[in-house]
Ligand SMILES: Nc1ncnc2c1ncn2[C@@H]1O[C@H](COP(=O)(O)OP(=O)(O)OP(=O)(O)O)[C@@H](O)[C@H]1O
Ligand SMILES: [Mg+2]
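Residue numbers (the numbering used here): 26 to 438.
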């Protein structure tokens, strides 16, 4: 490849892999068939609303972004789907103001005289909306909009709303809308393990609120992300290298994009159009070096010690490699096998239980959170994005090898 060609391709790689931004276009969106179907079905069902919830970074916003092309307006003229983010300062009224501000109002003044052109003025529905915004006001506006349109307000980062009162107002609004304005679907999106964490009195709207949990992405979906991206660049990847990226990503598509981006650029720099394992290895070093400050700081704080023979790094790596349940929780017993593998000799729980306890203290972040009762504690990473980072650190510093990652934990050290 010529230098200009290489540069152009490397730049285009930055367009197909987007570790820092939610997906906006359908053709780079991978998998998620079941979740998409549930949301679209709910929108087409009269009187149903949707709550999309899951861990941080699993792809909730991306799913909400690609809904529109799938929606059949069914006798309605337009799909109106404003997508807004909540912040800690928002209340019920300010959220709806943001939503209504995104809805354009076009005013046409008829043409004057012979050659005059009609004058169009575009304002927004939110422009002149003074006074209090109560569930009743929302209901009236939604009703008017939904007469001719499919009205789908998407309210993202719903978890950032503080307080029961605001979410109670949303529960009331959903109840009233589902009775009175069936062509409106509110889509709530937020970080949570359970619905209760997001919405007060959710039982009272259970029938009207379809709950769509976003799990971590499957290996097949992660592999598809890389394949789609490289295909758009006219490149390919060895199955082993793509599997390696999927393993490292731990179901979190941010890392799939990040490693896809760095490894394809390394291949391009090397004049190759096929991404190989060695490119992924190079990408790991780049990913660590360029990782968010918050991750680097969290890792440092969790593992720092004045004693050079301390095992905090090894113990945290073993936690990152432990078999976890759907919500990311693991028990001390699950850490034993990876810890023994890292230390290259059998390690019993007693040898690292102090580390686990320390990881739950503010002094070390806390990097882990703990639930349950003594002797039955379950742990997980407070920030799920730290887990792949810890594994990449372990690989980059030779604490584990790539081949260790593919061995199942349950089958011996
Ligand atoms: N289905 C998908 N196909 C390809 N890439 C995806 C998909 N879903 C998410 N991603 C990518 O994963 C990363 C995280 O996605 P997104 O921002 O949508 O997650 P989120 O759950 O909304 O995160 P947060 O909890 O931080 O709001 C982004 O880089 C995005 O491009
Ligand atoms: Mg999001």
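Idealized CB from N, CA, C, for every residue including glycine.
Handout entry: residue 9, buried or exposed, once every other Cβ within 10 Å from all chains shown has been counted against 16
Key = Outside the displayed span of the chain (26 to 438) sits residue 9, for which this structure offers no information.
Practice task
Apply the 10 Å Cβ neighbour rule to residue 327 and answer buried if 16 or more other Cβ atoms are within range, or exposed otherwise.
Solution key: The sequence position of residue 327 within the chain shown is 302, counting from 1. Flag for residue 327 reads buried.
Practice task
State the Cα-Cα distance for the pair residue 285 and residue 254, rounded to the nearest angstrom.
Solution key: Here residue 285 refers to the residue found at position 260 of the chain shown. Here residue 254 refers to the residue found at position 229 of the chain shown. Cα to Cα, the separation comes out at about 8 angstroms.
Practice task
Please check the pair residue 291 and residue 414, which I expect to be a contact at CB under 8 angstroms, by giving their CB distance rounded to whole angstroms.
Solution key: Here residue 291 corresponds to residue number 266 of the chain shown, with the count starting at 1. Here residue 414 corresponds to residue number 389 of the chain shown, with the count starting at 1. Actually they are not in contact, since the Cβ atoms of residue 291 and residue 414 sit about 19 angstroms apart, beyond 8 angstroms.
Practice task
Leaving out five residues on either side along the sequence, give the residues of the same chain with a beta carbon under 6 angstroms from the beta carbon of residue 178.
Solution key: As a first step, residue 178 must be located in the chain shown, where it is residue number 153. Around residue 178: 107, 124, 211.
Practice task
For residue 34, collect the residues of the same chain with a Cβ closer than 7 angstroms to its Cβ; drop the 5 residues on either side in sequence, then sort them by chain order.
Solution key: Along the chain shown, read from residue 1 onward, the residue named residue 34 stands at position 9. For residue 34, where only same-chain residues beyond five positions count, the Cβ hits under 7 angstroms are 258, 293.
Handout entry: In chain order, each alpha helix (DSSP H) run of at least 4 residues that lies wholly inside the segment 173-216
Key = 189-205
Handout entry: Three CB pairs or more closer than 8 angstroms across the segment 67-77 and the segment 147-162
Key = Result no; under three Cβ-Cβ pairs closer than 8 angstroms.
Practice task
Report yes if the C-beta distance between residue 421 and residue 309 is below 8 angstroms; otherwise report no.
Solution key: Counting from 1 along the chain shown, the entry for residue 421 is found at position 396. Counting from 1 along the chain shown, the entry for residue 309 is found at position 284. Going by C-beta atoms, residue 421 is nearer than 8 angstroms to residue 309.
Problem - Neighbouring residues (CB closer than 7 angstroms to any heavy atom of ligand 2) - result: 47, 85, 86, 181, 182, 214
Exercise for the section: Say yes only if the C-beta of residue 82 is nearer than 7 angstroms to one or more non-hydrogen atoms of ligand 1, and no if none qualify. Expected result: Mapped onto the chain shown, residue 82 falls at position 57. The answer is yes for residue 82.
Problem - Segment limits, alpha helix (DSSP H) that includes residue 79 - result: In the chain shown, residue 79 corresponds to position 54, counting from 1. No alpha helix (DSSP H) holds residue 79; the beta strand (DSSP E) holding it covers 74-79.
Problem - Buried versus exposed call for residue 223 [16 or more other C-beta atoms within 10 Å across all chains shown] - result: Walking along the chain shown from the start, residue 223 turns up at place 198. Buried, by the Cβ-count rule.
Exercise for the section: Determine contact between the segment 75-93 and the segment 49-64, defined as no fewer than three beta-carbon pairs at a distance below 8 angstroms. Expected result: yes
Exercise for the section: Counting only runs of 3+ residues fully inside the segment 85-116, write out the beta strand (DSSP E) ranges in chain order. Expected result: 103-105, 108-110
Exercise for the section: Give a yes or no on whether the C-beta atoms belonging to residue 260 and residue 83 are separated by under 8 angstroms. Expected result: Translated into positions along the chain shown, residue 260 becomes position 235. Translated into positions along the chain shown, residue 83 becomes position 58. Going by C-beta atoms, residue 260 is not nearer than 8 angstroms to residue 83.
Practice task
Please specify which runs of the beta strand (DSSP E), each continuous and at least 3 residues long, are wholly inside the segment 359-419, giving them in chain order.
Solution key: Here the runs fully enclosed are 393-396, 403-406.
Practice task
Check the DSSP bridge columns for residue 132 and list the partner residues they point to.
Solution key: In the chain shown, residue 132 corresponds to position 107, counting from 1. Residue 132 is bridged to 146.
Handout entry: Check: residue 278 C-beta below 7 angstroms from any heavy atom of ligand 1
Key = For the purposes of this step, residue 278 is taken as the residue at position 253 of the chain shown. Checking every heavy atom of ligand 1 against the Cβ of residue 278, one is found closer than 7 angstroms.
Practice task
Report, in whole angstroms, the separation of the C-beta atoms of residue 313 and residue 418, which I expect to be a contact under 8 angstroms.
Solution key: Mapped onto the chain shown, residue 313 falls at position 288. Mapped onto the chain shown, residue 418 falls at position 393. About 6 angstroms; that satisfies the 8 angstroms criterion.
Exercise for the section: Could you pull out every residue in the same chain whose Cβ sits closer than 8 angstroms to the Cβ of residue 370, ignoring the five residues on either side in sequence? Expected result: Counted from its first residue, the chain shown places residue 370 at position 345. The same chain holds no residue with a CB closer than 8 angstroms to that of residue 370 once the five nearest residues on each side in sequence are set aside.
Practice task
Consider the C-beta atom of residue 251 and the heavy atoms of ligand 1; say whether any pair is separated by less than 7 angstroms.
Solution key: The residue you call residue 251 lines up with position 226 of the chain shown. Relative to ligand 1, the beta carbon of residue 251 is positioned no closer than 7 angstroms to any heavy atom.
Practice task
Give the DSSP-derived three-state secondary structure of residue 271 in the structure shown.
Solution key: For the purposes of this step, residue 271 is identified with residue 246 of the chain shown, where counting begins at 1. Residue 271 falls in the helix class under three-state DSSP.
Exercise for the section: Would you grab the beta carbon distance between residue 323 and residue 381 for me? Rounded to a whole angstrom, and I think it's under 8 angstroms. Expected result: What you label residue 323 is simply residue 298 of the chain shown in a count that begins at 1. What you label residue 381 is simply residue 356 of the chain shown in a count that begins at 1. The pair is not a contact, with the Cβ atoms about 16 angstroms apart (cut-off 8 angstroms).
Practice task
Leaving out five residues on either side along the sequence, give the residues of the same chain with a beta carbon under 8 angstroms from the beta carbon of residue 330.
Solution key: As a first step, residue 330 must be located in the chain shown, where it is residue number 305. Closer than 8 angstroms at Cβ, skipping near neighbours: 337.
Practice task
From the DSSP output, in three-state form, read off residue 262 for me.
Solution key: Here residue 262 refers to the residue found at position 237 of the chain shown. Correct three-state label for residue 262: strand.
Handout entry: Check whether residue 184 and residue 217 have beta carbons under 8 angstroms apart
Key = Your numbering for residue 184 matches position 159 in the chain shown. Your numbering for residue 217 matches position 192 in the chain shown. Yes, the pair counts as a contact, with Cβ atoms nearer than the cut-off.
Practice task
With a threshold of 16 other CB atoms inside 10 Å of the CB of residue 36, please say whether the residue is buried or exposed.
Solution key: As a first step, residue 36 is located in the chain shown; it is residue number 11 there, counting from the start. Classification of residue 36: exposed, given that the 10 Å Cβ count is below 16.
Handout entry: residue 355 (DSSP reduced to helix, strand or coil)
Key = Numbered from its first residue, the chain shown carries residue 355 at position 330. Note: residue 355 maps to strand in three-state DSSP.
Problem - residue 43 Cβ short of 7 angstroms to ligand 1 heavy atom set - result: On the chain shown, residue 43 is found 18 positions in, with the first residue counted as 1. It does: the Cβ of residue 43 is within 7 angstroms (strictly closer) of some heavy atom of ligand 1.
Exercise for the section: Under 8 angstroms by Cβ, that's how I've got residue 429 and residue 366 pegged, so tell me the actual separation to the nearest angstrom. Expected result: Here residue 429 refers to the residue found at position 404 of the chain shown. Here residue 366 refers to the residue found at position 341 of the chain shown. About 6 angstroms; that satisfies the 8 angstroms criterion.
Practice task
Identify which residue in 234, 283, 220, 228 has its Cα closest to the Cα of residue 247.
Solution key: To locate residue 247, count along the chain shown from 1; it is residue 222. Of 234, 283, 220, 228, the residue nearest in Cα terms is 283.
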